[in-house]
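**Q** Shown below is the structure under consideration.
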Amino acid sequence: MSKYITTPIYYVNGEAHIGHAYTTFIADTITRYEKLKGEKTYFLTGTDEHGQKIEESAQKNNKRAQEFADEISATFKNLWDEFEIDYDKFIRTTDAEHKAGVQKAFLAMHAKGDIYKDFYEGHYCVSCETFFPETQLIDGEFCPDCGRTTSVVKEESYFFKLSSYEDRLLKHYEDNPDFILPRSRANEVINFVKGGLRDLSVTRTSFTWGVKMPESLNDDKHVMYVWLDALLNYITALGYGKDDANMDFWPASTHFVGKDILRFHAIYWPAFLMSLDLPLPKHIGAHGWWTRDGEKMSKSKGNVIAPKDVADAYGVENLRYFMLREVPFGQDGDFSQRALIDRINSELSNDLGNLLNRIIGMSGKYSDFEINSKDVIKYHERELDAMNEALGNLDAFMQNMQTHRYLEELWKLFSIGNVAITSFEPWAKMKEGKVDEALATVALVANILAKAAIMLSPVMPKTTHTIADALCFEINTESYNTLVIEKNLLKLFNIKKVPPLFPRVEEPLMPEAPVAQPNAPKVQEKKEKHIIKEEDDNLIEIGQFFETSLKIGTVVEAEEVPKSKKLLKLQVDLGEDSNRQVVAGIKEFYSAESLVGTQVCVVANLKPAKLMGMMSEGMLLAAKDEDGLCLVRPEKPKKAGTPIG
Ligand code: MSP
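Residue numbers are given in the working numbering: position 637 of the sequence shown equals residue 637, and the series is strictly consecutive.
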């Protein structure tokens, strides 16, 4: 069976940032992995170029929309080319074939009776390119997704009968529990559909930068809704509407998307496909968002990271490794140079790079750079079993897009290799004249490196190519089959010297992110007036605020942390089965006894962290100025666990 893998098509209103790079890396890695296994693959990426938002960005830049789209689209394509992303097609929604395909799909839906013309009066958010019913607006005015002001728009529109697909969609989610991955994200989609779907306005008359209506409808004041246009890229790229040249690849195995665009992919897109009588994609893989040093990235804060800057400083493959290792698929991740450097130094340089250097060194010293695997089974059955077990676990992780677990499991191989060298001490065995034993350990490790390099190749294609070169074998489907699937050893190695693959990084190689300033009064004022402009993107969306779970807690116990000037250890009742331990830096301002029985406000969904060796499972809200610190507390007693918000 073939595998069709896609990234979202990126809006051309700004250049790529590391969030875009992450989706592209994941999709590229999964495609390479499937290819390694011998699957036929098709990998699509590209740019989304129509709509009011792009039209407005072009105007701001004093460019024609097409000219502007050409420029930005090229920056994405050039970047992916520089990063050697192995895509089969880079689609642009301004491509003539795509536009023709969209028109054809529109006509097919129309012929099916799924499209009708009516008037739409509603609240429109330009930034999200979406209409919202009044009931969903915040304070009757602001977009529930991004918090920006919506405007009332009344226009003639064609509608897609989304409401008539409600039951079929719900049945599909139920029959295909892996349709939305991670599964934990499915509920939000199911609840949205259960809440009732309204027909979707799929054309616009208020601007012109979009795919024109099919001529046969003779209605040229309308252009297509940008999400209808954009989603259809997944089939027009395969030749839908033209020659169907690659439609054999349909249905897609995975559409990779960020969590913010899951709804479009898991509700609208399947409904469009049902209307077109086409099968649905197998999976929609929704990943989380990346922040930088714990902060949302935004142009106004000047903390957006261009993937090229990171790649120039640290190497694109190190960045790929870091991003895929750092976050569980589906969860948010944080980019910091410290975290990247730690992984480069400890996992890439120490665990992997040193192991390779040791094998090159020992094989040179003991056996003139030749390694023979004849005695490995005799002396290292246990290590081989452990290695095969870890290798056998890998596929399931990759199938579930759990790249962090995949890499963690793969790293067990390097640990087996490093432990084998330390405990079997080949140099001592050589001195004792036990040459076969010594060389068996070297050969064991060479085999570990070879197998691990094969499995690491989808994540780090070039680096692993160099490892294979040093060990004198090739990474391809054949070696994957013989060495990984059939568990054979590589009989002979002719080792080549290569320069160290992962030089240690001693200090940050890029300027640090600007330190976050408390919100300037200007921004506060604007917030109060609800004037939320595109440029103020250091303001957060309402949904982001609600990602933080704030609760009232009652302090049940409190004690000083020995040897610490600042810390108190508290047991806080948050209305849960057991109390939470919170370690807080408030000792200079509060005595432990004075806190017991009082109430505090707690950030309840922070990742637990260790402070002076003690787990802290929450954070207290406090305000500090030159007069000292005071805890934020409820005005009147509230039940422990009461949410704040
Ligand atoms: N054009 C639409 C997608 C249409 S697909 C038929 C779009 N474009 S986008 O450029 O705004 O976003 C592209 C992808 O980048 C989305 O999946 C979005 O979730 C992702 N990201 C944008 N910012 C991100 C982070 N900070 N971190 C991770 N991914 C982020 O939406």
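All residues carry an ideal CB built from backbone N, CA and C; glycine is no exception.
On a predicted model such as this, the values are computed, not experimentally measured, just so you know.
Determine the contact status of Ser253 and His287, defining contact as a CB-CB distance below 8 Å.
**A** Not a contact, by the Cβ cut-off of 8 Å.
**Q** Any chance the CB of Leu231 is under 7 Å from a heavy atom of the ligand MSP?
**A** It does: the Cβ of Leu231 is within 7 Å (strictly closer) of some heavy atom of the ligand MSP.
**Q** Given 7 Å as the limit, tell me if Asp293 has its C-beta closer than that to any heavy atom belonging to the ligand MSP.
**A** No, the Cβ of Asp293 stays beyond 7 Å of every heavy atom of the ligand MSP.
**Q** Cβ of His98 within 7 Å of any heavy atom in the ligand MSP?
**A** For the ligand MSP, not one heavy atom lies less than 7 Å from the Cβ of His98.
**Q** Can you give the Cα-Cα distance for Ser367 and His380, rounded to whole angstroms?
**A** In a straight line, the C-alpha of Ser367 is about 19 Å away from that of His380.
**Q** Near Thr205, what residues of its chain come up, given a Cβ to Cβ distance below 7 Å and the 5 sequence neighbours on each side ignored?
**A** So the qualifying residues of the chain are Glu155, Glu156, Lys221, His222.
**Q** When you compare the stretch 78 to 90 with the stretch 40 to 52, are there three or more beta-carbon pairs, one atom per stretch, that lie closer than 8 Å?
**A** Cβ pair count under 8 Å is three or more, so yes.
**Q** Got a sec: does the ligand COA put a non-hydrogen atom nearer than 7 Å to the Cβ of Tyr225?
**A** Although the ligand COA was asked about, the structure shown includes only the ligand MSP as ligands.
**Q** Identify every residue that forms a DSSP beta bridge with Tyr42.
**A** According to DSSP, which records beta bridges pairwise, Tyr42 is partnered with Tyr4.
**Q** Mapping the DSSP letters down to three states, classify Trp290 as helix, strand or coil.
**A** The answer is strand: DSSP assigns Trp290 an E or B state.
**Q** Pick out whichever of Met612, Ala604, Met619, Ala609 has its Cα sitting closest to the Cα of Thr642.
**A** Comparing Cα-Cα distances from Thr642 to each of Met612, Ala604, Met619, Ala609, the minimum goes to Ala604.
**Q** If we call anything under 8 Å between Cβ atoms a contact, is Phe322 one with Ile267?
**A** Their beta carbons are not under 8 Å apart, which means Phe322 does not touch Ile267 by this criterion.
**Q** Determine the burial state of Ala623: buried for a count of at least 16 other Cβ atoms within 10 Å of its Cβ, exposed for fewer.
**A** Counting Cβ neighbours within 10 Å, Ala623 comes out exposed, since fewer than 16 surround it.
**Q** Have a look at the DSSP bridge pairing and note the partners of Phe131.
**A** Note: Phe131 sits in a beta bridge opposite Tyr124.
**Q** My understanding is that Val310 touches Met510, with C-beta atoms under 8 Å, so please give their C-beta distance in whole angstroms.
**A** Their Cβ separation, rounded to whole angstroms, is 7 Å, which keeps Val310 and Met510 in contact under 8 Å.
**Q** Skipping 5 residues on each side, what residues in its chain have a beta carbon closer than 8 Å to that of Lys451?
**A** So the qualifying residues of the chain are Met387, Leu391, Leu413, Leu483, Val484.
**Q** On the criterion of 16 or more Cβ atoms from any shown chain inside 10 Å, does Ala96 qualify as buried, or is it exposed?
**A** By the 10 Å Cβ count, Ala96 comes out exposed.
**Q** Starting from the C-beta of Asp145, find all residues in its chain whose C-beta is less than 6 Å away, skip the five residues before and the five after it, and write them out in chain order.
**A** Taken in chain order, the residues that qualify are Cys128.
**Q** What's the call for Ala516, buried or exposed, on a 16-neighbour Cβ count within 10 Å?
**A** Low local confidence applies: a pLDDT of 49 at Ala516 is under 50, so the model's placement there is unreliable, with the coordinate-based value given in what follows. By the 10 Å Cβ count, Ala516 comes out exposed.
**Q** Let's test the definition: count the other Cβ atoms within 10 Å of the Cβ of Ile552 and tell me whether it reaches 16, buried, or not, exposed.
**A** Ile552 comes out buried.
**Q** Do you know offhand how far Val572's Cα is from Thr598's?
**A** Spanning the two alpha carbons is a distance of roughly 10 Å.
**Q** Helix, strand or coil for Lys308 per DSSP?
**A** In the structure shown, Lys308 sits in a helix (DSSP, three-state: H, G or I).
**Q** Should the stretch 425 to 440 be called in touch with the stretch 396 to 413, which here means at least 3 C-beta pairs below 8 Å?
**A** In short, these stretches do not touch, since the Cβ pair count stays below three.
**Q** Let me know if Cys601 comes out buried or exposed under the rule of 16 or more other beta-carbons within 10 Å of its beta-carbon.
**A** Result: buried.
**Q** Please report how far the alpha carbon of Asp167 lies from the alpha carbon of Glu560, in whole angstroms.
**A** One C-alpha to the other measures close to 58 Å.
**Q** Applying the criterion that 16 or more other CB atoms from any shown protein chain within 10 Å of the CB defines a buried residue, is Met297 buried or exposed?
**A** It counts as buried.
**Q** Could you please give me the residues that DSSP links to His255 through a beta bridge?
**A** Looking at the DSSP assignment, His255 forms a beta bridge with Thr6, Ile284.
**Q** Looking at the structure shown, is Glu82 part of a helix, part of a strand, or coil, going by DSSP?
**A** Glu82: helix per DSSP, three-state reduction.
**Q** So, does the stretch 350 to 368 touch the stretch 486 to 501, judging by three or more C-beta pairs under 8 Å?
**A** They touch, by the three-pair rule.
**Q** Three-state secondary structure (DSSP) at Leu550?
**A** Three-state result, Leu550: strand.
**Q** Provide the residue(s) that pair with Tyr11 in DSSP beta bridges, ordered along the chain.
**A** Paired residues: Asp48.
**Q** Taking the DSSP output, what are the residues bridged to Glu626?
**A** In DSSP, Glu626 forms no bridge with anything.
**Q** Going by the CB atoms, is the gap between Asp199 and Leu232 shorter than 8 Å?
**A** For Leu232 and Asp199, no; Cβs fall outside 8 Å.
**Q** For Gly46, verify whether its CB is less than 7 Å away from any heavy atom of the ligand MSP.
**A** For the ligand MSP, not one heavy atom lies less than 7 Å from the Cβ of Gly46.
**Q** Apart from the five residues on each side of it in sequence, which residues of its chain come closer than 7 Å, Cβ to Cβ, to Met430?
**A** Cβ neighbours of Met430 beyond the five flanking positions: Tyr366, Ala438.
**Q** By DSSP's criteria, Tyr510 is part of a beta bridge. Which residues make up the other side?
**A** In the sequence under discussion, the amino acid at residue 510 is Met, which differs from the Tyr named in the question. Paired residue(s): none; Met510 is not in a bridge.
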